[in-house]
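Q: Questions regarding the structure given below will be posed in turn.
Numbering (the numbering used here), first residue to last: 787 to 1354.
See below:
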């Protein structure tokens, strides 16, 4: 006799609030951060394309994964199957804004161009996610987990956790109470009275602080007051905004790119790695769900994830979707499939009615920052927790290029601020006068070299380190050859400056000469030396007598350090 599996159960409400708050924070971030790209919250691009496109992608995924849970429950004869959580991908959102859309806006001074570039990035990610669904497992088997997760950890530290930590402490009386509540919710895992979701409690308390404290304390302590006029203005933006197909705009933009490819090739080093990370991250979340007792088909789950992201781009959104972490948490809450369906419907309603700006005018962004901060912390922690313990140094090494990228962002922002104040000094002029120009001891040229294509560099350095730890010298040499090829082509380490604007220097796309090109070739030669040393050492170790005392001593030393560990 079939076991009943209801469309909605009471505990789906708990799961819904947690997932809804997370997705709501993403929407608030989109509205706020797109303003830096010349796309304000009340613009036609935002209301008629970006938000409706996001709504379509979220609805597709949430409804599919809810239906999938029903099929899995029926096949297994169970009533406790929990649907995979799904929503907008936070790392991709931030990376595409800061490393695709904002640079395009700064170069072209056009919000529309930034939007088109974001759609291309989203489409590229979706295609990688879709086709990657059928090859994800072999890729995962051949790439050390440390190499995959260290890059995300580096991004999480600088561009997620650090950024939003600064914003919380910039306005502490609004951000710190929600932070305390989020720490209780996700770190202590202690429930709130009446079973209230911690994320909802945090946002409500932060919103109350933002509206009440400015009337009780000086603005220097509480920050600016929330504006009733802003609420009124946002209320006027409400209305039904149906989705608009943006495929023709995308095609025209692709034709434009084809006529001037070298200005756009640099973003490949952002789009491809993020697409691969989305595939592998979703795969890991499917594995996490299986460990919690719910086994979902891998190819179908990942391909629908890609289809949802492709749909987002075709209807004007710039932001990929993903299978979220946290399935075991929703399952522990007692959520089943209804929480996923309800989340998709409510988020779609908000996006299509243009009420995201209204919510933003009522809810301060600082109230939701702690949730995003927690995501950054979890991503960083997972890089160390879910890799073999002996690979921790590889994860740490892979963080350096991403931290350098964050540091360059801060330094570049300071130079832009100086330029706005009328200073004649730019990064280009500083390095022209002194190639060893430093900022408080940190070499500016070194930051620029490490930042270009840093997502690739993070992965490569961590992979090399992981293979060396495992004494797989030929594999380390192969990754070094890949690194040399990327550097020689200009996909990593190569840059050119125009004032304070940093651009890629593609050796294959333009006959670049001079010191910068020579330095990039020098790095490529350095990677070739890596490969030669690793391969030579591998050859020597393979032919060394097995009774070598030094190797036996090293093995005993490893066993003493890692008692009981399985070999990687």
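By construction, the Cβ of each residue, glycine as well, lies at the ideal position given by its N, Cα and C atoms.
Nothing here was measured: the structure is a model prediction, and the numbers come from that model.
Whose C-beta lies closer than 8 angstroms to the C-beta of residue 1265 among residues of the same chain, with five residues either side of it excluded?
A: Within the same chain, residue 1265 has close Cβ partners 1246, 1249, 1250, 1253.
Q: Would you check if the region 879-897 and the region 859-866 touch, i.e. whether three or more CB-CB distances between them fall below 8 angstroms?
A: Counting Cβ pairs under 8 angstroms, fewer than three are found: no touch.
Q: Is it the case that the Cβ atoms of residue 878 and residue 1105 are separated by a distance below 8 angstroms?
A: In this structure, residue 1105 lies closer than 8 angstroms to residue 878 by Cβ.
Q: Quick test of your reading: residue 1228 and residue 1212, contact by CB under 8 angstroms. State the CB separation rounded to the nearest angstrom.
A: Their Cβ separation, rounded to whole angstroms, is 17 angstroms, which puts residue 1228 and residue 1212 out of contact at 8 angstroms.
Q: Where do the N-terminal and C-terminal ends of the beta strand (DSSP E) with residue 973 fall, by residue?
A: That residue, residue 973, is in no beta strand (DSSP E); it is neither H nor E in DSSP.
Q: Taking the beta carbon of residue 796 as the centre, do at least 16 other beta carbons fall within 10 Å, making it buried, or is it exposed?
A: Label assigned to residue 796: exposed.
Q: Could you compute how far the alpha carbon of residue 1068 sits from the alpha carbon of residue 851?
A: Their backbone Cα atoms lie some 13 angstroms apart in a straight line.
Q: Let me make sure I understand the geometry here. Which of 1166, 1195, 1194 has the alpha-carbon closest to that of residue 1182?
A: Taking only the C-alpha atoms, the option nearest residue 1182 is 1166.
Q: Counting pairs of Cβ atoms below 8 angstroms between the region 997-1006 and the region 1168-1183, do you hit three or more?
A: Output reads no: the region 1168-1183 does not touch the region 997-1006.
Q: Give every residue of the same chain whose Cβ lies closer than 7 angstroms to the Cβ of residue 1016, excluding the five residues on either side of it in the sequence, and list them in chain order.
A: Here the set comprises 1147.
Q: Can you look up residue 1239 in the DSSP assignment and give me helix, strand or coil?
A: Looking at residue 1239 - three-state DSSP - the assignment turns out to be coil, as it is neither helix nor strand.
Q: Output needed for residue 1074: all residues of its chain with C-beta closer than 8 angstroms, excluding positions within five of it in sequence on either side, in chain order.
A: Closer than 8 angstroms at Cβ, skipping near neighbours: 1111, 1113, 1114.
Q: So what does DSSP say about residue 1229, is it helix, strand or coil?
A: Strand.
Q: Measuring alpha carbon to alpha carbon, tell me which of 1138, 1317, 1308, 1220 ends up nearest residue 1268.
A: When each option's Cα is compared against that of residue 1268, the closest is 1317.
Q: How about residue 1028 and residue 1135: do their beta carbons lie closer than 8 angstroms?
A: Taking 8 angstroms as the Cβ cut-off, residue 1028 and residue 1135 do not qualify as a contacting pair.
Q: Only counting runs of 4 or more residues, tell me where the alpha helix (DSSP H) segments fall wholly within the region 816-901, in order along the chain.
A: For the region 816-901, whole alpha helix (DSSP H) runs of length 4 or above, ordered along the chain, are 837-862, 876-882, 888-894.
Q: What is the rounded straight-line gap between the Cα of residue 822 and the Cα of residue 816?
A: Their backbone Cα atoms lie some 10 angstroms apart in a straight line.
Q: Do residue 985 and residue 804 have their C-beta atoms within less than 8 angstroms of each other?
A: Contact flag set, yes.
Q: Within 10 angstroms of the Cβ of residue 979, are there 16 or more other Cβ atoms? Answer buried if so, exposed if not.
A: Result: exposed.
Q: Any idea which residues DSSP pairs residue 1284 with across the strands?
A: The partner list for residue 1284 (beta bridge, DSSP) reads 1287.
Q: What's the gap between the Cα of residue 1351 and the Cα of residue 1170?
A: Here residue 1351 scores only 39 on pLDDT, less than 50, and its place in the model is too uncertain to base an answer on.
Q: So, with DSSP's three-state summary, where would you put residue 1080?
A: In the structure shown, residue 1080 sits in coil (DSSP, three-state: anything other than H, G, I, E or B).
Q: Who are the Cβ neighbours of residue 918 in its own chain at under 6 angstroms, not counting the five residues just before and after it?
A: If we look at residue 918 and ignore the five residues flanking it on each side, its Cβ neighbours are 1065.
Q: Whole angstroms are fine: how far does the CA of residue 847 sit from the CA of residue 1258?
A: Rounded to the nearest angstrom, the two C-alpha atoms are 40 angstroms apart.
Q: In chain order, what residues of the same chain have a beta carbon less than 6 angstroms from the beta carbon of residue 972, not counting five sequence neighbours either side?
A: So the list reads 1160, once near-sequence residues are dropped.
Q: Cutting at 7 angstroms between CB atoms, please list the residues of its own chain near residue 1086, excluding the five before and the five after it.
A: Taken in chain order, the list of residues that qualify is empty.
Q: Report all residues from its chain with a CB closer than 7 angstroms to the CB of residue 1155; omit the five preceding and five following residues, and keep chain order.
A: 950, 953, 954, 961, listed in sequence order.
Q: Classify residue 1355 as buried or exposed, calling it buried when 16 or more other Cβ atoms lie within 10 Å of its own Cβ.
A: Here the chain covers residues 787 to 1354 and nothing more, so residue 1355 does not appear.
Q: When you compare the region 1219-1234 with the region 1192-1199, are there three or more beta-carbon pairs, one atom per stretch, that lie closer than 8 angstroms?
A: Touching, per the Cβ criterion.
Q: Which of the three DSSP states is assigned to residue 1018 in this structure?
A: Helix, per DSSP.
Q: From the DSSP secondary-structure annotation, give me the bridge partner or partners of residue 1256.
A: Its beta-bridge partners do not exist; DSSP assigns none.
Q: Using three-state DSSP, classify residue 1139 as helix, strand or coil.
A: Coil at residue 1139, not helix or strand.
Q: To the nearest angstrom, how far is the alpha carbon of residue 1180 from that of residue 935?
A: Their backbone Cα atoms lie some 10 angstroms apart in a straight line.
Q: Enumerate, from N- to C-terminal direction, the unbroken beta strand (DSSP E) stretches of 3 or more residues contained entirely within the region 1052-1078.
A: Listed in chain order, there is nothing to give.
Q: Quick one: Cα of residue 977 to Cα of residue 798, how far?
A: When rounded, the distance between both Cα atoms is 16 angstroms.
Q: Is residue 1127 helix, strand or coil by DSSP?
A: Three-state DSSP puts residue 1127 in a helix.
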